[in-house]
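>
In our numbering, the protein residues as written are 26 to 341.
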């Protein structure tokens, strides 16, 4: 009943198909030789080793209602399936000898790699040390060159500064000399201006004194003439334009002219004097002789038919 129920179940696996075939046909393989004939590397034939207790398995199947042949067929199929599964697993695995060999090979490779790494490290360290020494030497050379350049630059800068200081000192001395010359020139100009101002003051004072003196003399003469001429008789003729004076009038006119003569002699050199001279020169005094007043007085005396006063001196 159990076997018929088992056979009635659908199966899609290879183990189920083989189990069905073993149950439906008689057993053809011996109980022990269930492994396939494979080529072995050993000289003696390899002993077939079962992976479970086949006898106990057959007895349990017989107790469950199977016959002897069916139980042995199921056992053989199951043993074959297990063997194939184990072989498939062994195909993806390695043996212990191969594992040891691989381990030894890895150790050898690791030792060789370690020695190579140490050798490369030593070589790299040596090269790095040599490169470091070379770089340090280059750095020292650069430091020395930089130090020399800095020293040369400082010397050049000091020289330029000294030259510039000397040039500035010379320029400052020249500027000081020019300033002194300008100060001297300004002082001389100021002194000249002061002298000219003093001369102008003196000239203005001379003009004022002369004008004041002349104005006062003219005013006095005019007043005297007006006072003295009030009692005289003056007659004017339009046709002949002649003027007749009596003796007293003529004498008064002459006295007035004689009094005005020194005033004109004083004003004339002041008017014709150069501003740069503080006092009139001898030629200025000599010019009094050619003054129009000196030439006018003798003619006036002759016109009025009078003799000059003893105060008048004829210079001609």
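For each residue, glycine too, the CB sits at the ideal point set by N, CA and C.
Small disclaimer: the values here were computed from a predicted structure and weren't measured.
Quick check: the stretch 79-95 against the stretch 109-128, are there 3 or more CB pairs under 8 Å?
At 8 Å Cβ cutoff, the stretches do not touch.
> Please list, in chain order, all residues of the same chain as residue 96 whose beta carbon is under 6 Å from its beta carbon, the five residues on each side excluded.
For residue 96, where only same-chain residues beyond five positions count, the Cβ hits under 6 Å are 83, 86 and 87.
> On the premise that residue 100 lies in contact with residue 79, defined as a C-beta separation below 8 Å, what is that separation, rounded to the nearest angstrom?
Indeed they touch by this definition, with Cβ atoms about 5 Å apart.
> If you draw a straight line from the alpha carbon of residue 145 to that of residue 165, how long is it in whole angstroms?
Roughly 29 Å between the two C-alpha positions.
> So is residue 217 buried or exposed if we call it buried at 16+ other beta carbons inside 10 Å?
It is exposed - the Cβ of residue 217 has fewer than 16 other Cβ atoms within 10 Å.
> Spatial neighbours of residue 262 within its chain, please: CB distance less than 7 Å, with the 5 preceding and 5 following residues excluded, ordered by chain position.
At residue 262, the pLDDT of 40 sits below 50, so the modelled position is not reliable; the number obtained from the coordinates is stated separately. Closer than 7 Å at the Cβ level, and outside the excluded window around residue 262, lies no residue.
> For residue 135, I'd like the list of residues in its chain whose CB is within less than 8 Å of its CB, leaving aside the five on either flank, ordered along the chain.
If we look at residue 135 and ignore the five residues flanking it on each side, it has no Cβ neighbours.
> In the DSSP assignment, find the unbroken alpha helix (DSSP H) run with residue 130 in it and report its ends.
Element bounds for residue 130: 121-253.
> Would DSSP call residue 77 helix, strand or coil?
In this structure, residue 77 counts as coil in the three-state DSSP scheme.
> Quick one: Cα of residue 180 to Cα of residue 170, how far?
Whole-angstrom Cα-Cα distance: 15 Å.
> Return the first residue and the last residue of the alpha helix (DSSP H) that residue 90 is part of.
Where residue 90 is concerned, there is no enclosing alpha helix (DSSP H), given that its DSSP letter is neither H nor E.
> Just mark residue 162 as buried or exposed, buried being the case when its beta carbon has 16 or more other beta carbons within 10 Å.
When all chains shown are included, residue 162 counts as exposed.
> Could you give the distance in angstroms between the alpha-carbon of residue 236 and the alpha-carbon of residue 198?
Their Cα atoms are separated by approximately 55 Å.
> Note down the Cα distance separating residue 154 from residue 126, rounded to an integer number of angstroms.
Taking the straight line joining both Cα atoms gives about 41 Å.
> For residue 103, is the classification buried or exposed, using 16 other Cβ atoms within 10 angstroms of its Cβ as the cut-off for buried?
Buried, because 16 or more other Cβ atoms sit within 10 Å of the Cβ of residue 103.
> May I ask you to report which of helix, strand or coil DSSP gives residue 118?
DSSP places residue 118 in coil when its eight states are reduced to three.
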